[in-house]
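Numbering (the working numbering) for the sequence shown: 83 to 316. Built from N, CA and C at the ideal position, the CB exists for glycine as well. Shown next, in structure tokens, is the structure this report addresses.
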Amino acid sequence: MAYSYLLVSVGIALCGILSALAVPRYRRFVVISGILATPAGLADWIFVPEYWQPDHLIGPWFSLEGMLFSFGNGCLVMMPVAMRWPYLHTLFPKDLVDPLRRLTMIMFPGLAASLLVWESGLGWLTIMHATFFGFAVIALVLWHKGCFSVEIALTAGIGFALLYGVETLVWHWIVPEFNGFWAAKDTYWYSLPFPPGLPIEEYIWAFGYGAVWANLMLHGFDARLQKQAPTKPT
């Protein structure tokens with residue numbers, strides 16, 4: 083099916099919007115999470131064709147599909163957190179300057195680490211493997227600042243990995259030949275039997291992304307989570 087990447091990405095973006103509508107207390111936070119994740123879709127050109135090679139409507143250099151994919155997943159990654167901690171407390175600033183500054187200061191070392199590892203010339207490392215190093219660096223920076231919660235990381239990481247598993251199964255159901263998108267089979271750690279040909283790196287990425295992005299967003303907006311409604315002063 084031509085442009086199945088676009089079709090699936092539109093579906094993921096719609097699911098992200100629906101997820102925001104489903105959690106009123108998190109609605110604004112979920113939407114902002116998706117919006118801030120959207121530019122990551124422009125990194126598609128780095129992954130094509132080394133890691134995978136789907137069809138693009140315009141091209142990997144301006145990936146509409148990647149931006150829709152990133153927006154939707156940027157929303158969905160907060161859903162496991164919202165289910166476990168129904169009450170979110172944060173004061174949204176009038177603009178996003180301060181949160182963006184905090185996010186950028188922490189994300190930059192991770193991005194630099196990814197590019198450094200990728201450009202190191204180690205033949206067994208693809209850009210996806212380098213991305214894992216970037217996630218680890220961001221997690222360490224957050225940990226050093228005292229802003230990394232293992233409980234949040236496990237909740238968001240495992241939860242989003244399960245959601246991403248559903249995404250890939252639906253994609254395989256819609257487009258049986260989608261396993262052909264992954265071209266570097268000799269460099270993957272393990273190709274799953276189902277969906278056939280899907281590298282296990284996809285689920286490692288989903289876990290790492292969920293664990294890091296949830297902590298990063300909560301730190302960037304100085305958000306606090308509670309499992310029970312706050313008590314009102316008497």
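Can you list, in chain order, the residues of its chain with a C-beta nearer than 8 Å to that of residue i? Leave out the 5 residues immediately preceding and following it.
{"i": "Ala305", "result": "Phe111, Leu170, His171, Thr172 and Met299"}
{"i": "Ser115", "result": "Gly156, Cys157, Val159, Met160, Trp295 and Met299"}
{"i": "Pro175", "result": "Pro181"}
{"i": "Gly92", "result": "Note that residue 92 corresponds to Val in the displayed sequence, not to Gly. Excluding positions up to five away in sequence, the list reads Leu150."}
{"i": "Pro103", "result": "The residue asked about is misnamed: residue 103 is Leu in this sequence, not Pro. Only Arg109 meet the Cβ criterion."}
{"i": "Phe190", "result": "none"}
Roughly how many angstroms lie between the CA atoms of residue i and residue j, to the nearest whole one?
{"i": "Pro131", "j": "Ile282", "result": "18 Å"}
{"i": "Trp225", "j": "Phe214", "result": "16 Å"}
{"i": "Trp127", "j": "Gln310", "result": "44 Å"}
{"i": "Asn297", "j": "Thr120", "result": "17 Å"}
{"i": "Glu233", "j": "Trp167", "result": "11 Å"}
{"i": "Gly247", "j": "Leu274", "result": "12 Å"}
{"i": "Arg184", "j": "Glu284", "result": "28 Å"}
{"i": "His254", "j": "Ser86", "result": "10 Å"}
{"i": "Ile99", "j": "Glu249", "result": "15 Å"}
{"i": "Ala70", "j": "Trp287", "result": "The question about residue 70 has no answer, for the chain in this structure spans 83 to 316."}
{"i": "Tyr270", "j": "Phe303", "result": "36 Å"}
Skipping 5 residues on each side, what residues in its chain have a beta carbon closer than 6 Å to that of residue i?
{"i": "Thr316", "result": "With a pLDDT of 44 at Thr316, under the threshold of 50, the modelled position of this residue cannot be trusted; read the value that follows with caution. Within the same chain, Thr316 has no close Cβ partners at all."}
Buried or exposed: residue i, going by 16 or more other Cβ atoms within 10 Å of its Cβ?
{"i": "Val163", "result": "buried"}
{"i": "Glu259", "result": "exposed"}
{"i": "Glu201", "result": "exposed"}
{"i": "Trp143", "result": "exposed"}
{"i": "Ile140", "result": "exposed"}
{"i": "Met154", "result": "Residue identity check: residue 154 is Gly in the sequence provided, not Met. Gly154 is buried by the Cβ-count criterion."}
{"i": "Leu307", "result": "buried"}
Excluding five sequence neighbours on each side, which residues of the same chain lie with their C-beta closer than 7 Å to the C-beta of residue i?
{"i": "Tyr133", "result": "Thr208, Ile209, Met210 and Ala266"}
{"i": "Arg107", "result": "Pro168, Tyr169 and Leu170"}
{"i": "Val219", "result": "Pro191, Gly192 and Ala195"}
Pull up the CB-CB distance for residue i and residue j, whole angstroms please, since I reckon it's below 8 Å.
{"i": "Val113", "j": "Ile256", "result": "With a Cβ gap of about 26 Å, Val113 and Ile256 do not count as contacting."}
{"i": "Gly216", "j": "Ser196", "result": "3 Å"}
{"i": "Asn261", "j": "Gly279", "result": "3 Å"}
{"i": "Leu124", "j": "Ser145", "result": "6 Å"}
{"i": "Val199", "j": "Ala212", "result": "4 Å"}
Report task. State whether the region 235-251 contacts the region 174-188, with contact taken as three or more CB pairs (one from each stretch) at a distance under 8 Å. Result -> no
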